[in-house]
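For reference, the structure discussed in these notes is given below.
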Amino acid sequence: EDQVTQSPEALRLQEGESSSLNCSYTVSGLRGLFWYRQDPGKGPEFLFTLYSAGEEKEKERLKATLTKKESFLHITAPKPEDSATYLCAINFGNEKLTFGTGTRLTIIP
Amino acid sequence: NAGVTQTPKFRILKIGQSMTLQCTQDMNHNYMYWYRQDPGMGLKLIYYSVGAGITDKGEVPNGYNVSRSTTEDFPLRLELAAPSQTSVYFCASSSTRREQYFGPGTRLTVT
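Those sequence lines, one after another, are chains A and B. Residue numbering for the first sequence follows our numbering, starting at 218 and increasing by one per position. Residue numbering for the second sequence follows our numbering, starting at 170 and increasing by one per position.
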């Protein structure tokens, strides 16, 4: 069964302290990897799509990268407003996405 | 352009009652989805639709029903509500197999 695993479950950083979140998967034919941000009490907000190994996407302080087995969401010099749960999801070649359980990120001022 | 809208935002049901969660999108997306999200469990797919008149089961369909009579609307029906259906429900839509766009969610409590 295709699976998506995110780590760590939770991460606390000081403001300005850069780090990375991980999304790993068992491969049966990846057809797209998606990163979302979810704030408490709200629906997930789309951030990035990656389709092939070596691809990178950037948005403000966030950069997503993709290898054959995993993706990283790099957060550079984060601010308190970057605090959220970050979700990874994968399309394994059909109409559906398989979601990981997320990384809860807290940025301390 | 409102995106994906869901009603109601909150609802409390008694065991055995029924209700319909409404979902509407104005992006002309063919694909629509219903998920439930429980603490620490991630998003689980309940039902999905690839176009009007076409629906299919997801990972956790028991206790739910859907219909898709128009491109815009994808209601989720709960019959005989049970405490296990207490959750936050999200509707999403997408164009083909691309990124999905989510609504704000419905928080449902069954007591």
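Built from N, CA and C at the ideal position, the CB exists for glycine as well.
With 16 as the cutoff for other CB atoms within 10 Å, does M210(B) come out buried or exposed? exposed
Any contact of the stretch 231 to 244 of chain B with the stretch 219 to 231 of chain A, i.e. 3+ C-beta pairs under 8 Å? no
Residue burial classification, T265(B) (beta-carbon count within 10 angstroms, cutoff 16): exposed
Inter-residue CB distance, F289(A) and T266(A) (contact presumed, cutoff 8 Å): Not a contact, Cβ separation roughly 15 Å.
Classification of K285(A) by the beta-carbon crowding that lies within 10 angstroms, buried from 16 upward: exposed
Hey, could you find the ends of the beta strand (DSSP E) M201(B) is sitting in? 200 to 207
I believe K178(B) touches R276(B) by the beta-carbon criterion, under 8 Å. Please report the beta-carbon distance rounded to the nearest angstrom. 7 Å
I want to see whether chain A comes within less than 9 Å of Q269(B), judged by CB atoms only; does it? yes
On a Cα-Cα basis, can you pick out the residue from P225(A), P295(A), K259(A) that is closest to G274(B)? K259(A)
Going along chain A, which residues have a C-beta under 7 Å from Y217(B)? E312, K313
Measuring only the C-alpha atoms, how far is A281(A) from G185(B)? 45 Å
Top-ranked residue by Cα proximity to Q194(B), from C260(B), T280(B), L245(B): C260(B)
Pick from E234(A), L247(A), I307(A) that is closest to G319(A), judged by C-alpha positions: I307(A)
Bridge-paired residues (DSSP) for S218(B): M201(B)
Option in Y202(B), V279(B), K213(B), H198(B) with minimal Cα separation from E248(B): V279(B)
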